[in-house]
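Read through the structure below, which is laid out as structure tokens, and then see the notes.
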Amino acid sequence: MLTYDQLTEWAGPGHVTRAGRDVVACWRIPDFMKAQLVEVGIPLAPRLIERS
29 MLTYDQLTEW AGPGHVTRAG RDVVACWRIP DFMKAQLVEV GIPLAPRLIE RS
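Structure representation (structure tokens):
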């Protein structure tokens, strides 16, 4: 699994967001996916994922 630093190096500073543990707690996805969203994050893509 990539680290947050590796992902931001690829996507660029400020272009990766991580989900809060409390946010994903009730999502019906496997625990390893929750961990990835919280610990590593995902790249921000225009109109795909937006910060609020």
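First residue of the sequence shown: 29, per this note's numbering; consecutive thereafter. Note that beta-carbon positions come from the ideal geometry of N, C-alpha and C, so glycine has one too. As the structure is a computational prediction, the values presented were derived from the model and not from experiment.
Between which residues of its own chain and residue i is the CB-CB distance below 6 Å, once the five residues before and five after are set aside?
i, result
"R56", "none"
"L65", "A47 and V52"
"R49", "V66"
"T36", "V44"
What does a CB cutoff of less than 7 Å around residue i pick up in its chain, not counting 5 residues either side in sequence?
i, result
"L30", "V68"
"K62", "V52 and W55"
With DSSP run on the structure shown, which of helix, strand or coil describes residue i?
i, result
"V52", "helix"
"V44", "strand"
Just to confirm my understanding: we take residue i, look at its own chain, exclude 5 residues before and 5 after, and list those with CB closer than 8 Å. What are they?
i, result
"A39", "P71 and L72"
"Y32", "V44, R46, E67, V68 and G69"
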